[in-house]
Each structure stands twice: as C-alpha cells, then as structure tokens.
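Enquirer: Take a look at the following structure, please.
Number of protein chains: 2
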Amino acid sequence: MTDAPTTAPVAPAASSTSAGEVLAGYLTAQAGVFLRALPQAVGEAGSRPGALPASAAAADDLLRAVRRVGGALHTFAVAFEPAWARESRAELRWLLNLLASEPAYQRRSARLLAALDSLADPGPDAPGMLAGHAGAPKARALLDRQLTLARTRAHTAVLQELRSARLHALADRMTLLAGEVPLAEGCAGEPAEALLPQAAAALGALAEAAELLPLQRSAVPYGGEGLHRLGSGGTPGAGAARTGADSEAVLAADDEPWLRARILLKRARYALEVCGSPVAGLDELDRVLGRHQEASDAAVTAATAARTPRITPATAYVLGVVHADQRLEVEAARYAFGLQWPVLAPGLGHWEGPPAPRKG
Amino acid sequence: MTDAPTTAPVAPAASSTSAGEVLAGYLTAQAGVFLRALPQAVGEAGSRPGALPASAAAADDLLRAVRRVGGALHTFAVAFEPAWARESRAELRWLLNLLASEPAYQRRSARLLAALDSLADPGPDAPGMLAGHAGAPKARALLDRQLTLARTRAHTAVLQELRSARLHALADRMTLLAGEVPLAEGCAGEPAEALLPQAAAALGALAEAAELLPLQRSAVPYGGEGLHRLGSGGTPGAGAARTGADSEAVLAADDEPWLRARILLKRARYALEVCGSPVAGLDELDRVLGRHQEASDAAVTAATAARTPRITPATAYVLGVVHADQRLEVEAARYAFGLQWPVLAPGLGHWEGPPAPRKG
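Chains as they are written, first to last, in our numbering: chain L, 18 to 377; chain V, 18 to 377.
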C-alpha cells in the first residue's frame, strides 16, 4: 500500500460516478495512508527521544498523503464545506512544515557532502577539481556540523509537537475524512465531470506560471546566465526583493518563480490523480523541480557556512566552489525543465478530462 | 595587410606550381609580415620602457606570422634544409613564448575582472550570484594586483631581450626567409601535390588527438563531470601527472589533451593555408579551443590567488566561485567542441588536397 499514492491513483468507478464519490474515494484512501503512517512515522509519541524517524518510509508516506489531501482540498475547494476545508489545509500545512524539515536537512547534508567528496576526490580514476585541497576536509566538517545542528533542531521541534493537542486534533480530522468527506451541499450529487474545470484550472495555473519562467535564459546550455545575470525575467513581484542588492536576496528572488512553479506542478499532478488521469511527464518534471529546489537550498547552506566567523580562507574557498557547483545544478535543472516542458505543455493545455469517468 | 594571414591565405599561382614555389610564396609573405610588424610591436628597441606594446595590432600580426612560419616549418619539414628548419623553429618558439606572455596576462586580467564584475553586479536588472558580496572588491583588487605584477614581469622580460643578439639573429633569419627559402635539395622541382601528404598528415594528427578527447564526457550539458570527475579518458600519459593528487596537477592533466589538440589544430589550419585551402570550420574550432585555454589559465590564476597568505575568508570564497565559474567556461568550450568537431571531422578525413594547385 505504501506507494499507492504515486503509482496507483484512486480512479473513480466507471459505472457510478458522482463528483462527491470521486473526491471521497481519493481522500478516504489518502486519509487511510495518513492514519496508518502517522504512528510509524512519529514513533511512540515522543517516549523515546532520538528514535525519530521511527520509519523513514512511513514518514515519506505521511508527507505524500499530507500533500495530496492538501492539494485536493485546494484545487477542488468549491466541493467542500468551506470552513472545514480551510482549517484542514492550514493544519496540514503546519504538519508538512513540521515534518518535512528534518528529512530535508538530511537530504541536503547527503547532497552537499557527496558533492564535496566528489569535488575533492583524489583518486587516480576520477579526481575532482578540489582534489587534495587543504580546505576540503575543513569545509566538509563545517557543513556536517551545521547541518547536523539544524537537523537536531528540526527533530526537537517535532518531538515537542508529538503530544500536542494540535496534532491529535489533526489526526481526528483525518479519521473523520477516512470515514466521510464533508462535502459542500449539492456537490455529492453532481456528475464527476463537474470536477474537470477545477482540474483544468490547476493545469492552467501551472501553464501560466511556466510561461513566466525565463526559459529562454537557460535554453542554451552553459549560457552562464545563472551565475552572472540573474533576474532578467521571472515574476514582476520578485523585483522588490532585489533592491537590497544582497546576493542571498538576489538568488532567492531568482529562484522564487521556479519554486512557485513547483507548487503549482504538484497541485496539477494531484488534481489529475483525483480525476484518475495521471500524466507521467508531470512526475518527471516534479522531480526536476525538486532537484532545482534542493540544489538551491544547498547553495544557500554553502554560502551561509562561508560566513561563519574565524574559518580559514581555504575553507571559504572550497565553500565558494561548492556554492557555484550547486548553482550549476540549479541551472542544469532549469535547462532540463526547458527541454521537457514545451513537449508536455500542449497536451496539458488541451486537457479535457480523463477517459474513465465520462458517461457515454 | 594586417589581417592577411588569417583571411587571405597565400594561394599558389594556378599555372606554375612546384612544391618549392608554394612554400616559398607562403613563407615569404609571412616573413614580410614579421619584418614589418617587429619594429612596431617591440617599440624603439627598449629605449622607452613602459611604452610597450607600441602597437597591439602589430604585436598580434607578429605573433600570427611567428605561429604560421613555425607551423609550416614543422608540417612540411622534409621540404626544408633540416638544420636550418630545426633552429628556426626553436628560435620562433622562443620569441613566441617571450612575446605572447604579456598580452596573455592582459587578456586574462580582462577576462577575470569582467567575470568578477558580472558575478558581483548589484544592478537591479541583471545582478550576479555574488551581488553585493563583501569579498568581491577585495578579490578584484587581489587579482588585479597579481596579474598586473605578472604582466609587468613579462614586459620586463621582453625589454631585456629587445637588444639581444638572439633577437637580431632571428630578425636576420626572417630577412633571409623573405628573400629565399632554404629548401631541401630536390624539393624545389617537385610538383605542388608533393605537399598534400604532409598536409594530410597534419590533419590526421589532429583527428587522432581529437579521438582521444573525452568528448563523451562533455556531450551532455551540465554533466557536472568537469568539476567532479576529471581525467576519465584523455591521453594515457596524462595519468602520471595525477598521482600527486594535487588539485592543480589534476586540472592540468585534465586540460592537457585539449591544449595538445589546440596545437595540432593550429598546425592543421596553417597547413591548409599553405595549400591555399583553408577550412572555415577549423578557424571557429581554433577560437573554441582558445577560449578553453584562456578559461583554464584564468581558473589557475583564481586558484593561485586564493592561496595568497592573509587574505580574508570572504575574498577566498569569492575566488572559489570565480574558479568554478572559469572551469564552467572550460566545460562550455568542450561542449561546443563536441558539437562542432563531428560535423567537421569526416570532411577532413577524406581531404585530398585543394582544387587550386592541381594540374589537370
């Protein structure tokens, strides 16, 4: 059951399909995943500090279910009892932020240390450009220390919330969802096709966000733009954050439209899952934008570590190389997105619903 | 006349073509360029230190002629009086190393400072990833100071040699060449076609060197290999330099086959020029490999500057970014070469000589 959310979308029964049944089927299944994964993911409610995550696989399942329920509640908002849907989404977002943090630091640590080890590899077969550099072990130790600290803090934050009334209330909310979905009046009886415009709107929002991406800038590999000329293009609002001319703000503003596209892409994916019509290309693009975000976050970590007081110049130098290397990964992800998106976009633009839930 | 060496190769007269006439025509013209450019390029023989180069354009002409004469003497070696050709090549190489150094430092300085300015640009339109970074002005001043010093040293070395007997002897040698080329016995009477196997051998040497390049490694843009996994491929001999596991030696060994390919490419270009059959695609590839070498040299300069004692960590960090950025340019050049070479190679492999000097 654990990988059901991504590989086997809950398709509505072909014979008797109302919008309410389609949504209830999807949300019930996801709430079930949530409730099964929760105890394994958080361990025995904080009784053994340090034993978290009790199961990394369960934590993954939990986060996947949280994202899918939240996405469905957002995309098909008009179908639900409004106050309930709004509150549920807020609580799911809270849990997502709480639980996603520790594994994210773990992945970031693995990414940065692997990059550093590879850059500093002195082996005769495949040495890296920092092979044997004196700063490499120091930079590695610094990154490891800072990320372990961040991870420990995230872990502590989870432990503090494990017995909270807030988590228990959310679990109760999901128990309710597993039994009966609080639909808006009149929605239950509507035909499944009533969901299609909302799924199409989710695809439309993604397409709109993708149009705003500076794809032209990363169309030619090694344009060097990613390191040199940021911010030509992107969302209009991103300009405000750049006036400070601080390099971190500049990079954050440059990444912002891509992070937004990632959120909208996930929503579009889940909306198509609800309709029983997943698009494999979107899964791939989601992974590309996931790489984008992880490399972007890792670059910030390297830049932040380089501002640690009293480090040696050799350490700082290595962190500069690592920072640029991660920004190069960001560029690579944008290039990959720019290759794949135009292939996928026309199909999504003319999406008119899945074959399955149609009557006649 | 100044750009004649690259744009208007000395084509042999179509009617009366012996191998000796073809070679003499080419070398006489190049020796003429050399003799006209020399006084302008080196100024008034060191009487005004600091006034060099008296003419950058003349220095360019001089270097171009030196490369072409040296290349022709190498490729068509059997056609010349052996001792004279060997000595001439050695003296031309000496002058090339002496004169090329100062403009190379000037170009490197321009390249690195432009890259740094672009990376640290705080402007709202196109900020770089180091926008507003405290280390950027310091790193700029450091690079500027070190490259100015290197350039001054190169300049002094030129001044010291300007009145040397060695330079005068070389000028005499070129004066002789402008009048009469010392051909090997029996060569003067041979038909122009006798030059074709030697030109074809120069093309073959280039093709062989290009086959050894790890083109597969840079075939996919953003493979990240250039920073992470160097030395998989390349010439077998390059492995020896890597056992020290020093990052500079590693990068040098990684670049070595590319620098060698550049030398062979220039020789092939000049050989085709001698035969009156230049190939435009080779000029473009020469520029690509020129970019490769300049970026590679600039990366070394950034890495060396980062080892300056008592610099701040912020300075070192910025130099790390600049180093990685220049290695990225190296990768970009390899990617460009990998795209263009396979298009050009088949034509060169079946090259059987130019249409012009053929009889019948």
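Backbone N, C-alpha and C fix where the C-beta goes; we use that ideal spot for every residue, glycine too. Just so it is clear, the structure is predicted and the values come from calculations on it, not from any experiment.
(1) Grab the span of the alpha helix (DSSP H) containing residue 332/V for me, first residue to last.
(2) Can the beta-carbon of residue 37/V be found closer than 9 Å to that of residue 204/V?
(3) With DSSP run on the structure shown, which of helix, strand or coil describes residue 199/L?
(4) Between the Cα of residue 151/L and those of 167/L, 164/L, 134/L, spot the shortest distance and give me the residue it belongs to.
(5) Once you ignore the five residues that flank residue 250/L on each side, which residues in its own chain have a CB closer than 7 Å to its CB?
(6) Quick one: is residue 313/L near chain V, going by C-beta distance under 9 Å?
(7) Between 48/V, 351/V, 177/V, which has its C-alpha nearest residue 188/V's C-alpha?
(8) For residue 215/L, count neighbouring C-beta atoms within 10 Å of its own C-beta (all shown protein chains included) and say buried if the count is 16 or more, exposed if not.
(9) Taking only beta-carbon atoms, is residue 54/L less than 9 Å away from chain V?
(10) So what does DSSP say about residue 264/V, is it helix, strand or coil?
(11) If you drop the 5 nearest sequence neighbours on each side, which residues of the same chain put their C-beta closer than 6 Å to that of residue 120/L?
(12) Taking 9 Å as the CB-CB cut-off, is residue 149/L touching chain V?
(13) Compute the distance between the beta-carbons of residue 43/V and residue 238/L, then report whether it is under 9 Å.
(14) Nearest by alpha-carbon distance to residue 364/L: which of 324/L, 224/L, 303/L, 78/L is it?
(15) What residue from 172/L, 96/L, 177/L, 129/L has the CA that sits closest to residue 158/L's CA?
(16) Please state whether DSSP places residue 35/V in a helix, a strand or coil.
(17) Measuring alpha carbon to alpha carbon, tell me which of 171/L, 311/L, 40/L, 299/L ends up nearest residue 276/L.
(18) Go through its chain and collect everything with a Cβ distance to residue 55/L's Cβ below 7 Å, but skip five positions before and after it.
(19) Count the C-beta pairs between the segment 142-156 of chain V and the segment 321-339 of chain V that are closer than 8 Å, then say yes if the count reaches three, no if not.
(20) Can you tell me whether residue 295/L is buried or exposed? The criterion is at least 16 other CB atoms within 10 Å of its CB, across all chains shown.
(21) On the DSSP letters alone, give me the boundaries of the alpha helix (DSSP H) that residue 166/V sits inside.
(22) For residue 129/V and chain L, any beta-carbon pair shorter than 9 Å?
(23) Does any residue of chain V have a CB that is nearer than 9 Å to the CB of residue 59/L?
(24) Assign residue 166/V to one of two classes, buried (16 or more other C-beta atoms within 10 Å of its C-beta) or exposed (fewer than that).
(25) Of the choices 185/V, 280/V, 173/V, whose alpha-carbon is the least far from that of residue 226/V?
(26) Which residues in the same chain have their Cβ closer than 7 Å to the Cβ of residue 259/V, if we skip the five residues on either side of it in sequence?
(27) Suppose contacts are defined by Cβ-Cβ distances below 9 Å. Is residue 302/L in contact with residue 361/L by that definition?
(28) Taking residue 46/L as the reference, which of 347/L, 343/L, 198/L, 34/L has the closest Cα?
(29) Drop a sphere of 10 angstroms on the beta-carbon of residue 110/V, count the other beta-carbons inside from all chains shown, and report buried for 16 or more, exposed for fewer.
(30) Would you say residue 173/V reaches chain L, if we count a Cβ-Cβ gap shorter than 9 Å as a contact?
(31) Quick one: is the Cβ of residue 195/L within less than 8 Å of any heavy atom of the ligand COA?
(32) Check the Cβ-Cβ distances between residue 355/V and every residue of chain L, and say whether any is below 9 Å.
(33) Quick one: what does DSSP say residue 208/V is sitting in, helix, strand or coil?
(34) What are the start and end residues of the alpha helix (DSSP H) that includes residue 104/V?
(35) Is residue 228/L buried or exposed, if buried means 16 or more other CB atoms sit within 10 Å of its CB?
(36) My assumption, with CB atoms under 8 Å, is that residue 106/V sits in contact with residue 314/V. Please give the rounded CB distance.
Expert: To lay it out plainly:
(1) Start at 1 with the first residue of the second sequence, and residue 332/V comes out as number 315. Residue 332/V -> alpha helix (DSSP H) spans 330-366.
(2) Position 20 of the second sequence, counting from 1, holds the residue named residue 37/V. Position 187 of the second sequence, counting from 1, holds the residue named residue 204/V. Contact: yes.
(3) Looking up residue 199/L in the first sequence gives position 182. Coil at residue 199/L, not helix or strand.
(4) As a working note, residue 151/L is residue 134 in the first sequence. Of the candidates 167/L, 164/L, 134/L, the one whose C-alpha sits nearest the C-alpha of residue 151/L is 134/L.
(5) As a first step, residue 250/L must be located in the first sequence, where it is residue number 233. Below a pLDDT of 50, predicted positions are generally treated as unreliable, and residue 250/L, at 42, falls in that range; no measurement from the model is reported.
(6) By 1-based counting over the first sequence, the position of residue 313/L is 296. So, not an interface residue.
(7) The residue you call residue 188/V lines up with position 171 of the second sequence. Comparing Cα-Cα distances from residue 188/V to each of 48/V, 351/V, 177/V, the minimum goes to 48/V.
(8) For this step, residue 215/L is matched to residue 198 along the first sequence. By the 10 Å Cβ count, residue 215/L comes out buried.
(9) Counting from 1 along the first sequence, the entry for residue 54/L is found at position 37. Not an interface residue.
(10) For the purposes of this step, residue 264/V is identified with residue 247 of the second sequence, where counting begins at 1. Three-state result, residue 264/V: helix.
(11) Looking up residue 120/L in the first sequence gives position 103. Apart from sequence neighbours up to five positions away, no residue of its chain approaches residue 120/L with a beta-carbon distance below 6 Å.
(12) Taking the first residue of the first sequence as position 1, residue 149/L is located at position 132. Yes, contact with chain V.
(13) As a first step, residue 43/V is located in the second sequence; it is residue number 26 there, counting from the start. As a first step, residue 238/L is located in the first sequence; it is residue number 221 there, counting from the start. No, the Cβ-Cβ distance between residue 43/V and residue 238/L is not below 9 Å.
(14) Reading the first sequence from its first residue, position 347 is the one you call residue 364/L. Comparing Cα-Cα distances from residue 364/L to each of 324/L, 224/L, 303/L, 78/L, the minimum goes to 224/L.
(15) By 1-based counting over the first sequence, the position of residue 158/L is 141. When only C-alpha atoms are compared, the closest one is 129/L.
(16) By 1-based counting over the second sequence, the position of residue 35/V is 18. Here residue 35/V sits in strand by DSSP.
(17) Position 259 of the first sequence, counted from the start, is the residue given in the question as residue 276/L. Out of 171/L, 311/L, 40/L, 299/L, 311/L has the C-alpha closest to the C-alpha of residue 276/L.
(18) Taking the first residue of the first sequence as 1, we reach residue 55/L at position 38. If we look at residue 55/L and ignore the five residues flanking it on each side, its Cβ neighbours are 79, 188.
(19) Yes, they touch.
(20) By one-based count along the first sequence, residue 295/L stands at place 278. It counts as buried.
(21) Mapped onto the second sequence, residue 166/V falls at position 149. That run of the alpha helix (DSSP H) goes 152-178.
(22) Taking the second sequence and counting its residues from 1, the one referred to as residue 129/V is at position 112. Chain L, which has no Cβ nearer than 9 Å to the Cβ of residue 129/V, makes this no.
(23) Reading the first sequence from its first residue, position 42 is the one you call residue 59/L. It does not: the Cβ of residue 59/L has no partner Cβ on chain V nearer than 9 Å.
(24) To locate residue 166/V, count along the second sequence from 1; it is residue 149. Exposed, because fewer than 16 other Cβ atoms sit within 10 Å of the Cβ of residue 166/V.
(25) On the second sequence, position 209 is the one that residue 226/V refers to. Looking at the Cα atoms, 280/V is the closest of the given residues.
(26) The count along the second sequence starts at 1 and reaches residue 259/V at position 242. A caution first: residue 259/V carries a pLDDT of 38, below 50, which makes its placement in the model unreliable, though a value can still be read off. Closer than 7 Å at the Cβ level, and outside the excluded window around residue 259/V, lie 248, 266, 267, 270.
(27) Residue 302/L sits at position 285 when you count from the first residue of the first sequence. Residue 361/L sits at position 344 when you count from the first residue of the first sequence. Contact: yes.
(28) For the purposes of this step, residue 46/L is taken as the residue at position 29 of the first sequence. When each option's Cα is compared against that of residue 46/L, the closest is 198/L.
(29) Here residue 110/V refers to the residue found at position 93 of the second sequence. That one is exposed.
(30) Along the second sequence, read from residue 1 onward, the residue named residue 173/V stands at position 156. No, because no Cβ of chain L sits closer than 9 Å to the Cβ of residue 173/V.
(31) This structure does not include the ligand COA; it has no bound ligands of any sort.
(32) Working through the second sequence from its first residue, we reach residue 355/V at position 338. It does not: the Cβ of residue 355/V has no partner Cβ on chain L nearer than 9 Å.
(33) Residue numbering aside, residue 208/V sits at position 191 when the second sequence is read from its first letter. Strand.
(34) Counting from one through the second sequence, the residue named residue 104/V turns up at place 87. Segment 99-136, the alpha helix (DSSP H) holding residue 104/V.
(35) Counting from one through the first sequence, the residue named residue 228/L turns up at place 211. Looking at its Cβ environment, which holds fewer than 16 other Cβ atoms inside 10 Å, residue 228/L is exposed.
(36) Numbered from its first residue, the second sequence carries residue 106/V at position 89. Numbered from its first residue, the second sequence carries residue 314/V at position 297. About 24 Å separates the two Cβ atoms, so there is no contact after all.
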